[in-house]
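Enquirer: Counted from 1, the sequence shown has number 7 at position 7 by UniProt numbering; the numbering is strictly sequential.
Supplied in structure tokens, the structure appears directly below.
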Amino acid sequence: MYGRASDGEKRRQDTTAESTSPLFEAEQSVLGGLMLDNEAWDRVAERVIDRISTAAHIG
Numbered sequence: 001m002y003g004r005a006s007d008g009e010k011r012r013q014d015t016t017a018e019s020t021s022p023l024f025e026a027e028q029s030v031l032g033g034l035m036l037d038n039e040a041w042d043r044v045a046e047r048v049i050d051r052i053s054t055a056a057h058i059g
């Protein structure tokens, strides 16, 4: 019962930490908006495209 966390538990903890970051929440908001209004992509593409390829998204 007590001891090291399994790999699955560790991945779950890592995912929880990522999902609460402001960057993750901002990305969720943008993607959610695009799902609601697909034509919105043209309005946000120039602002978003540079940020998608930042170091935070690379491995």
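Even for Gly, the Cβ is constructed at its ideal location relative to N, Cα and C.
Need the endpoints of the alpha helix (DSSP H) that Glu27 sits in, please.
Expert: Taking the first residue of the sequence shown as position 1, residue 27 is located at position 27. That run of the alpha helix (DSSP H) goes Pro22 to Leu36.
Enquirer: Measure the Cβ-Cβ separation of Gly33 and Val44 and say whether it is below 9 Å.
Expert: One-based indexing of the sequence shown puts residue 33 at position 33. One-based indexing of the sequence shown puts residue 44 at position 44. Yes, they are a contact pair.
Enquirer: For Asp37 and Ser29, I'd like the C-alpha separation in whole angstroms.
Expert: Mapped onto the sequence shown, residue 37 falls at position 37. Mapped onto the sequence shown, residue 29 falls at position 29. Approximately 12 Å, taken between the alpha carbons.
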